[in-house]
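Have a look at the structure below before the remarks.
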Amino acid sequence: MTPERATGVARPRRKLPLAEWQLALPLALAFASIFLAPLVMLVGVSFFNDDKITQPGIGQWVKFLGDPFSYKVIADTMLLGIKTVCATIVIGYPLALIYLDASPRLQKVLIFIIVMPLLLSVVVRTFAWIVVLGREGVVNTLLLQLGIISEPLRLLQTELGLVISLTQIEMPLMLLPLISVMSRLDPNLRDASSALGASRWRTLFKVIVPLSMPGLVAGCLLVFASSTTAFISQTVIGGVRLIYLPLLIWQQSLVVFNWPFAAVVSLTLLVSVLTVVSALSYLGRRSGGYVHG
Amino acid sequence: MGRRRSLGDLSYSLVIGTLATLALLIIVSPVVIVLTTSFTEGRSLKFPPTGFSLQWYEALFDASQSRQIHRAVYNSLEVAAWSTGFGILFGSMASLGLARNRHRLARVADGLFMSPLVLPGLTFGLAALMYFTLIGFRPSLNLIIAGHMIVTVPFIIRTTSASISQLDPALNDSSQSLGASWLYTMRRVTLPLIAPGIFAGAFLAFMASIDNVPVSLFLSTARTDMLPIRMWGMMESTLDPRIAAVSGVLIAAAFLLMLVMEWTVGLTRRMRD
Numbered sequence: 012m013t014p015e016r017a018t019g020v021a022r023p024r025r026k027l028p029l030a031e032w033q034l035a036l037p038l039a040l041a042f043a044s045i046f047l048a049p050l051v052m053l054v055g056v057s058f059f060n061d062d063k064i065t066q067p068g069i070g071q072w073v074k075f076l077g078d079p080f081s082y083k084v085i086a087d088t089m090l091l092g093i094k095t096v097c098a099t100i101v102i103g104y105p106l107a108l109i110y111l112d113a114s115p116r117l118q119k120v121l122i123f124i125i126v127m128p129l130l131l132s133v134v135v136r137t138f139a140w141i142v143v144l145g146r147e148g149v150v151n152t153l154l155l156q157l158g159i160i161s162e163p164l165r166l167l168q169t170e171l172g173l174v175i176s177l178t179q180i181e182m183p184l185m186l187l188p189l190i191s192v193m194s195r196l197d198p199n200l201r202d203a204s205s206a207l208g209a210s211r212w213r214t215l216f217k218v219i220v221p222l223s224m225p226g227l228v229a230g231c232l233l234v235f236a237s238s239t240t241a242f243i244s245q246t247v248i249g250g251v252r253l254i255y256l257p258l259l260i261w262q263q264s265l266v267v268f269n270w271p272f273a274a275v276v277s278l279t280l281l282v283s284v285l286t287v288v289s290a291l292s293y294l295g296r297r298s299g300g301y302v303h304g
Numbered sequence: 002m003g004r005r006r007s008l009g010d011l012s013y014s015l016v017i018g019t020l021a022t023l024a025l026l027i028i029v030s031p032v033v034i035v036l037t038t039s040f041t042e043g044r045s046l047k048f049p050p051t052g053f054s055l056q057w058y059e060a061l062f063d064a065s066q067s068r069q070i071h072r073a074v075y076n077s078l079e080v081a082a083w084s085t086g087f088g089i090l091f092g093s094m095a096s097l098g099l100a101r102n103r104h105r106l107a108r109v110a111d112g113l114f115m116s117p118l119v120l121p122g123l124t125f126g127l128a129a130l131m132y133f134t135l136i137g138f139r140p141s142l143n144l145i146i147a148g149h150m151i152v153t154v155p156f157i158i159r160t161t162s163a164s165i166s167q168l169d170p171a172l173n174d175s176s177q178s179l180g181a182s183w184l185y186t187m188r189r190v191t192l193p194l195i196a197p198g199i200f201a202g203a204f205l206a207f208m209a210s211i212d213n214v215p216v217s218l219f220l221s222t223a224r225t226d227m228l229p230i231r232m233w234g235m236m237e238s239t240l241d242p243r244i245a246a247v248s249g250v251l252i253a254a255a256f257l258l259m260l261v262m263e264w265t266v267g268l269t270r271r272m273r274d
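Note that the protein sequences, when read in sequence, are chains B and V. Counted from 1, the first sequence has number 284 at position 273 by this note's numbering; the numbering is strictly sequential. Counted from 1, the second sequence has number 265 at position 264 by this note's numbering; the numbering is strictly sequential.
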């Protein structure tokens, strides 16, 4: 097939001296040499037994997959992602509903509030939670003054503190796709549902939630992929006692300098994140088909 | 029945309202709290802060005290500028070449160019470190620029392709049937129409580069320190209060940038669509 036919554009009188698709070649070359080649090399390095990268073998894979500790770390990492996704849905979805009902002026303010944290460095957002959750932080000061607790709670370096922080840090990633899908919903559908006697709860679960499924799934994907690999938040708020895959990769590659083992762990991270992500997007496509079918 | 329904509606408003308020509180309050604490008079970052002073900002802007931070800021800006520049060039070319192309290979290439968005950044960061080291490159800003270009170019491709797909093909055809050359059509018709899309993407790419952790974590060294990595160091060991001042500056910068982008290209509208 010739490139001209492939593009399917009407033949121009004076065309570019090269076919249109060739404009993508520079980026394709860049991706081949500094994206695909490193990833291929990563796979290669993982199949070496020693940290000098001289003896090929599957020793590192056997070592990692034979250790029960590895499975605990994988499970903890995936669970952290799932908990964060649930938390962002529980408080993010209602905010999207409020956005849907708001006046255009209020919508502008809300979208500003939602997008603004996205432009703020993840490190700043993580730091903010140290100030909020620390021993002398906002939460402890407030609870102490109200007399609810008698001594400061330990919130930093706990999974609870980490999930709370990640909920705020990843929230825009849930809200933007949700709002984008929800604002395209036909408002008549909701009116029809309530005119036919459905309560607002019923309308929510029978009409709005199924129709906003593509946005919800997209949000879950982004939040899951981002929170499971949030190295800075995990190390700073979770501390070194809560071990997730990103910390393990960092320790093995830049502290212990065992590159083959680090390669094994990072490929495990890649595979586990991509598995969950593709399962979710498969579910998303199925639910989309169910709604429109 | 009427009463039950109103009770249901009341509970709906109550539950949804409470949760949404909680969401807004969680989104906004940490930012406000950090801004407030950055003006503290004390030596620690407790809340509510004691007194008001600009001491941490003074320490931050002092050239001799905070040389490392300043260098990290310059490095981050330089890397973001170059990687976004290359991203605009290669990314918009690729979008122009592929956005209307239905061929299977074009779809595969498009998927490849967007894949850094879903691939865990740490995996690519580690792969890039091994690759560059094993083929004999020494750590430098150039390598970080290359890495950042790969992970930020998807933002440019996404917004540019969206602009191209909204472009009426008839405009192109009529320009060319009136005798304009490909280059003239590109310069006078296509580029002016898709420019807002390219700018919005470039803005997102620039911010993503400034904020990038996974690639910088592996590719930067003490000599090529990057701002997020330096800030991580300031939080990791003993909490350095200057980080509150850095955060304050970054919050102000993000706020200003957001207003500017809203006025010029309507950023929030673009992100919603």
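Where a beta carbon is used, it is the ideal one built from N, C-alpha and C, also for glycine.
Please list, in chain order, the chain B residues whose beta carbon lies closer than 8 Å to that of residue i.
i	result
Tyr-13 (chain V)	Ser-210, Arg-211, Trp-212 and Leu-215
Trp-193 (chain V)	According to the sequence shown, residue 193 (chain V) is Pro rather than Trp. Those within 8 Å of Pro-193 (chain V) in chain B number zero; the least Cβ separation is about 18 Å.
Ile-252 (chain V)	Leu-131 and Val-135
Ser-45 (chain V)	Glu-147
Strictly under 8 Å for the Cβ-Cβ distance: is residue i near chain B by that measure?
i	result
Ala-81 (chain V)	no
Gly-3 (chain V)	Unreliable positioning characterises Gly-3 (chain V) in this predicted model, as indicated by a pLDDT of 47, which lies under 50. A coordinate reading is not provided.
Phe-207 (chain V)	no
Gly-9 (chain V)	yes
Ile-156 (chain V)	Inspection of the sequence shows that residue 156 (chain V) is occupied by Phe rather than by Ile. Cβ-Cβ to chain B under 8 Å: no for Phe-156 (chain V).
Thr-38 (chain V)	yes
Pro-197 (chain V)	no
Ser-164 (chain V)	no
Phe-48 (chain V)	yes
Gly-98 (chain V)	yes
Val-214 (chain V)	yes
Met-115 (chain V)	no
Ser-200 (chain V)	The residue you asked about is not Ser; residue 200 (chain V) is Phe in the sequence shown. Output row for Phe-200 (chain V): interface = no.
Leu-257 (chain V)	no
Please check if any C-beta of chain V sits within less than 8 Å of the C-beta of residue i.
i	result
Met-182 (chain B)	yes
Gln-66 (chain B)	no
Ser-277 (chain B)	yes
Thr-95 (chain B)	no
Ile-109 (chain B)	yes
Ala-48 (chain B)	yes
Pro-128 (chain B)	yes
Pro-257 (chain B)	yes
Leu-222 (chain B)	no
Thr-240 (chain B)	yes
Ala-236 (chain B)	yes
His-53 (chain B)	Checking the sequence, you will find Leu at residue 53 (chain B) rather than His. Yes - at least one Cβ of chain V is within 8 Å of the one on Leu-53 (chain B).
Ile-254 (chain B)	no
Gln-179 (chain B)	yes
Ile-85 (chain B)	no
Ile-69 (chain B)	no
Thr-18 (chain B)	Any reading at Thr-18 (chain B) is ruled out, since the residue's pLDDT is 47, under 50, leaving its predicted position unreliable.
Which residues does DSSP list as the beta-bridge partners of residue i?
i	result
Phe-59 (chain B)	B:Pro-67
Could you work out which residues of chain B lie near residue i, taking near to mean beta carbons separated by less than 7 Å?
i	result
Met-287 (chain V)	This structure does not reach residue 287 (chain V), given that chain V is present from 2 up to 274, and the question cannot be answered.
Met-227 (chain V)	By Cβ distance, chain B contributes nothing, its closest Cβ being about 11 Å from Met-227 (chain V), past 7 Å.
Asp-241 (chain V)	Near Asp-241 (chain V) there are no residues of chain B at all, since even the closest Cβ is about 10 Å away, more than 7 Å.
Ala-60 (chain V)	What Ala-60 (chain V) touches in chain B: nothing, since even the nearest Cβ is about 16 Å away.
Under 7 Å between beta-carbons, which chain V residues line up against residue i? List them in chain order, please.
i	result
Ile-219 (chain B)	Ordered by position in chain V, no residue passes the 7 Å Cβ test against Ile-219 (chain B), which lies about 11 Å from the chain.
Pro-225 (chain B)	In chain order: nothing, as chain V lies at least about 14 Å away.
Output, in chain order, the set of chain V residues within a Cβ distance shorter than 8 Å of residue i.
i	result
Ile-102 (chain B)	Leu-20, Ala-21, Leu-23, Ala-24 and Ile-27
Leu-106 (chain B)	Leu-20, Ala-21, Ala-24 and Leu-25
In chain V, what lies closer than 9 Å to residue i by C-beta?
i	result
Phe-58 (chain B)	Result: empty, since nearest Cβ-Cβ is about 13 Å, beyond 9 Å.
So which residues of chain B does residue i contact, with C-beta pairs closer than 9 Å?
i	result
Trp-233 (chain V)	Val-134, Thr-137, Phe-242, Ile-243, Thr-246 and Val-247
Contact list for the segment 141 to 161 of chain B against chain V, Cβ threshold 7 Å: Ile-141, Val-142, Val-143, Glu-147, Gly-148, Val-149 and Thr-152
Cβ contact (3+ pairs, closer than 8 Å) linking the segment 186 to 195 of chain V and the segment 163 to 172 of chain V: yes
Inter-stretch contact at 8 Å, needing at least 3 Cβ pairs: the segment 168 to 175 of chain B / the segment 55 to 68 of chain V: no
Positions along the segment 27 to 46 of chain B whose CB lies within less than 7 Å of some CB in chain V: Leu-27, Glu-31, Trp-32, Gln-33, Leu-34, Ala-35, Pro-37, Leu-38, Ala-39, Ala-41, Phe-42, Ile-45 and Phe-46
Residues within the segment 262 to 293 of chain B neighbouring chain V, beta-carbon criterion of under 8 Å: Ser-264, Leu-265, Trp-270, Ala-273, Ala-274, Ser-277, Leu-278, Leu-280, Leu-281, Val-284, Leu-285 and Val-288
Contact list for the segment 121 to 132 of chain V against chain B, Cβ threshold 9 Å: Pro-121, Gly-122, Leu-123, Thr-124, Phe-125, Gly-126, Leu-127, Ala-128, Ala-129, Leu-130, Met-131 and Tyr-132
Cβ-based contacts, 7 Å cut-off: residues of the segment 62 to 96 of chain V near chain B: Phe-91, Gly-92, Met-94 and Ala-95
Three or more C-beta pairs below 8 Å linking the segment 53 to 60 of chain B and the segment 218 to 228 of chain B: no
The segment 31 to 39 of chain V contacting the segment 237 to 252 of chain V, beta-carbon criterion three pairs below 8 Å: yes
Residues from the segment 136 to 153 of chain V in contact with chain B, defined by Cβ distance under 8 Å: Ala-147, Gly-148, Met-150 and Ile-151
Three CB pairs or more closer than 8 Å across the segment 96 to 115 of chain B and the segment 137 to 155 of chain B: no
Cβ contact (3+ pairs, closer than 8 Å) linking the segment 83 to 101 of chain V and the segment 245 to 257 of chain B: no
Touching by the beta-carbon criterion (3+ pairs, under 8 Å), the segment 132 to 148 of chain B and the segment 193 to 209 of chain B: no
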